[in-house]
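First up is the structure itself, then whatever we jot down about it.
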Amino acid sequence: MQAPPLRPGGDPQLIAPEPPESLPELRSPRRIRWTRRRIALKRFWRQYRRSKMGMIGLAILIFFIGMAIFAVVADPSGADPSKTSGPVLSPPSREYPLGTDNFGLSVLTLVIQGSKISLLVGLTASVISMSIGATVGIVAGYRGGAIDTFLMRITDFGLVIPWLVLAIVLASIIGQSLGAIILVIGVTSWPATARLVRAQVLSIRERPYIERARALGASNRHMIWHHVLPNSMPVIFANTILTIAIAILSEAALTFLGLGDPTNPSWGSMLNTAQRFLNNAVWMAIWPGLAIFLAVMAFNLLGDGLQEALSPVLRQR
Amino acid sequence: MGSRRYVLKKVAQALLTLFFVLVFNFFLFRILPSDPVKFLTRGAGLQINAVEQQELLREFGLDKPVFPAQFIDYMGDTLRLDFGTSLTVQSGRPVLEVFTGFMWPTLLLVGVSTVTAALLGIWMGIRAGWRRGGYFDRTSMGVSLVFYSMPEFWLGMLLLILFSVNLGWFPVAGRETLGANYTGFAAFADTLNHLFLPALTLTLAYMGEYYLVMRSSLLDVLGEDFIQTARAKGVREKLVLNRHAVRNALLPTISLIALSFGFVLGGAITVEVVFSYKGLGGLTYEAIQSQDFPLLQAIFLFASAAVIFMNLLADLVYGHFDPRVQEA
Numbered sequence: 001m002q003a004p005p006l007r008p009g010g011d012p013q014l015i016a017p018e019p020p021e022s023l024p025e026l027r028s029p030r031r032i033r034w035t036r037r038r039i040a041l042k043r044f045w046r047q048y049r050r051s052k053m054g055m056i057g058l059a060i061l062i063f064f065i066g067m068a069i070f071a072v073v074a075d076p077s078g079a080d081p082s083k084t085s086g087p088v089l090s091p092p093s094r095e096y097p098l099g100t101d102n103f104g105l106s107v108l109t110l111v112i113q114g115s116k117i118s119l120l121v122g123l124t125a126s127v128i129s130m131s132i133g134a135t136v137g138i139v140a141g142y143r144g145g146a147i148d149t150f151l152m153r154i155t156d157f158g159l160v161i162p163w164l165v166l167a168i169v170l171a172s173i174i175g176q177s178l179g180a181i182i183l184v185i186g187v188t189s190w191p192a193t194a195r196l197v198r199a200q201v202l203s204i205r206e207r208p209y210i211e212r213a214r215a216l217g218a219s220n221r222h223m224i225w226h227h228v229l230p231n232s233m234p235v236i237f238a239n240t241i242l243t244i245a246i247a248i249l250s251e252a253a254l255t256f257l258g259l260g261d262p263t264n265p266s267w268g269s270m271l272n273t274a275q276r277f278l279n280n281a282v283w284m285a286i287w288p289g290l291a292i293f294l295a296v297m298a299f300n301l302l303g304d305g306l307q308e309a310l311s312p313v314l315r316q317r
Numbered sequence: 001m002g003s004r005r006y007v008l009k010k011v012a013q014a015l016l017t018l019f020f021v022l023v024f025n026f027f028l029f030r031i032l033p034s035d036p037v038k039f040l041t042r043g044a045g046l047q048i049n050a051v052e053q054q055e056l057l058r059e060f061g062l063d064k065p066v067f068p069a070q071f072i073d074y075m076g077d078t079l080r081l082d083f084g085t086s087l088t089v090q091s092g093r094p095v096l097e098v099f100t101g102f103m104w105p106t107l108l109l110v111g112v113s114t115v116t117a118a119l120l121g122i123w124m125g126i127r128a129g130w131r132r133g134g135y136f137d138r139t140s141m142g143v144s145l146v147f148y149s150m151p152e153f154w155l156g157m158l159l160l161i162l163f164s165v166n167l168g169w170f171p172v173a174g175r176e177t178l179g180a181n182y183t184g185f186a187a188f189a190d191t192l193n194h195l196f197l198p199a200l201t202l203t204l205a206y207m208g209e210y211y212l213v214m215r216s217s218l219l220d221v222l223g224e225d226f227i228q229t230a231r232a233k234g235v236r237e238k239l240v241l242n243r244h245a246v247r248n249a250l251l252p253t254i255s256l257i258a259l260s261f262g263f264v265l266g267g268a269i270t271v272e273v274v275f276s277y278k279g280l281g282g283l284t285y286e287a288i289q290s291q292d293f294p295l296l297q298a299i300f301l302f303a304s305a306a307v308i309f310m311n312l313l314a315d316l317v318y319g320h321f322d323p324r325v326q327e328a
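Protein chains in written order, with the working numbering: chain D, 1 to 317; chain F, 1 to 328.
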């Protein structure tokens, strides 16, 4: 990554005022707020675009989102073992570009259907994880004192639990369904987020505008919703993207171990089946794994790009 | 090792966490399932009548009130390392016995991989951090990202396809050649032969993480005043790196590696399944398949205890070499 050239007077992005556009015409606070947000978003996008890796990640992600949308729209019977007509374990051909599996299903169709599950699990599990992590982090950081100590004890406890083993145990107790997998990943992956958010909140709490708001008589609720949360959002957001990568990997690991929903084809469960055919149907192992790898990498690149664009300190590294 | 107070504090914290894990474990297996008896026996596929059910209830101690009687029994049994008997995997044998038989192969696998990954990762981190943004740095960054994004088990499958199925260099499965009964050096070579690919998989999977930690730790240290002082004194660059920077950067890295050792234990599960390596991972897989909950419970306890222990070790080592943290 190339550092942006420094000019005298520091980074122009941070100092030069945006062209005022039509600011004087704006009267209501709401419109001022939205204009400000739009400008911030534009500035952020300019920053983000500089990261080549981040853009590659974005491109891969858009590809997978397209695939998942296609999977939702397309006829799902191609992934139903009871309605199969193709040849069994056939190598890649014109009709089956990625070959067929042991039921005669097209591996391409299965990979496409799997993208739906992976993205769904990745996104929803991360939202759960983020909500718990952000709430714990904000409350602990903002309130401090005994509540902070108590919440951080729990967080530390969550950090030492080997999450994959816990997820395995939980999944085998709760049962095998998509919801169970999402819940299991969501409730086992929040402690790292909580830590990070708390650190951010601790630094926000010391900023002058917080003192100003308090002096003006702002309530705790106002402080959290209007100052602490919006200012923690970048950290929470970048962290969520990285959590999605972890969630997709966890989903793959759990379904690979046979803990997924048996009626839904997922990349992990495809790899589980592929194990038995490593010497005569390599394609069954290659493609689902490649899909997991690329999807996870997309989110990792995206997360790194976001962190870079959002944090001036990291940018200098 | 450190001041006595610091050590005692850390040990007490570890014991407290261990206690939490025990309570959590109790909750997980006794309270979460709505009907524990059915839950504990469903793996065996048993059709049980009312009398047998009463018997099982008594055997598991489930006829007593959950709290405190069941809880006290559970704590007592656990402290005496009595985890009950395996239901399905090796029906009737004590869990502890089954468990220890599978533990050593996993410790060997995880130990070898962690040490190799740590040595490689640290070496890469030093080289890359010293010439930040250089060719080596950018290459290793890319390589680490690739391995970091790969599911360990898929990496294992690729290695298996390439080296065992196609090239035939390594055995396809297992921990030793069955029925060969090697002794002496032949047994050692056979074990090594079977260990190589799973260990390589885990090494590649975790090397990138250690590299990133060492690199950023070195970058932090290079920004410190004493590095500038050393340079101002005219210390040669090589010595600045080896004597001043690396020594200080190693400490946080090693403590993080110790921490991750516990987690590699969990990551080894899927890899062991790929290579049909008969260790704790393979055992976990079997326990899931046949729903052997007493066994799963012991595995969960062991994995958590391992992380807590390594955590404690890392804290103590850190405190010994960097007494500043004892103040915090």
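Quick reminder that beta carbons are idealized off the backbone N, C-alpha and C, glycines included.
Quantities reported herein were computed from a predicted structural model and do not represent experimental measurements.
Secondary structure of residue i, DSSP reduced to three states
i	result
D:S131	helix
D:T100	strand
F:T88	coil
F:P294	helix
F:P94	strand
D:L89	coil
F:D82	coil
D:K116	helix
D:Q176	coil
D:V313	Confidence at D:V313 is low in this model, with a pLDDT of 49, below 50, so the placement of that residue should be treated as unreliable; the coordinate-derived value is given next. The answer is helix: DSSP assigns D:V313 an H, G or I state.
D:M270	helix
F:K64	coil
F:M150	coil
D:F157	helix
F:K278	coil
F:R132	coil
F:R175	coil
Min CB distance residue i to chain F below 8 angstroms
i	result
D:I138	no
D:G258	yes
D:S172	yes
D:M297	yes
D:L196	no
D:Q307	no
D:N239	no
D:L310	no
D:N102	no
D:A253	yes
D:L271	yes
D:Q176	no
Same chain only: Cβ atoms within 6 angstroms of residue i, ignoring 5 sequence neighbours per side
i	result
D:W287	L98, V107, V111
D:L242	G303
F:V11	none
D:A134	V197, I236
D:A281	L89
F:M207	A117, L120, G121
F:G92	T85
Cross-strand partners of residue i (DSSP beta bridge)
i	result
D:P265	Beta-bridge pairing links D:P265 to no other residue.
D:S106	D:T100
Short CB-CB distance (under 8 angstroms) between residue i and chain D
i	result
F:I126	no
F:L296	yes
F:M1	With a pLDDT of only 48 at F:M1, under the threshold of 50, the placement of this residue in the model should not be trusted, and no figure is reported.
F:W154	yes
F:G266	yes
F:P332	Beyond the ends of chain F as shown, which are 1 and 328, falls residue 332 of chain F; an answer cannot be given.
F:M150	yes
F:Y74	no
F:T203	no
Cβ neighbours of residue i in the same chain (closer than 8 angstroms, five flanking residues each side left out)
i	result
D:Q275	A285
F:D322	L251
F:L158	none
Contact set for residue i: own chain, Cβ-Cβ below 7 angstroms, skip 5 residues either direction
i	result
D:S177	D261
D:A252	W267, G268, I292
Problem set entry | Members of the stretch 150-168 of chain D that neighbour chain F once the beta carbon cut-off is set at 8 angstroms | Cβ contacts with chain F: D156, F157, V160, I161, P162, W163, L164, V165, L166, I168.
Exercise. What are the residues of the stretch 282-297 of chain D that lie near chain F, defined by any Cβ-Cβ distance shorter than 7 angstroms?
Worked result: So the close ones are V282, A285, G289, I292, F293, V296, M297.
Exercise. Looking at chain D, which residues of the stretch 234-256 of chain F have a Cβ within less than 9 angstroms of any of its Cβ atoms?
Worked result: Answer set for the stretch 234-256 of chain F: empty.
For this session: Would you list, in chain order, the members of the stretch 303-324 of chain F that have their beta-carbon closer than 7 angstroms to a beta-carbon of chain D?
Result: The residues in question are A303, S304, V307, I308, N311.
For this session: Would you list, in chain order, the members of the stretch 210-235 of chain D that have their beta-carbon closer than 8 angstroms to a beta-carbon of chain F?
Result: Flagged: no residues at all.
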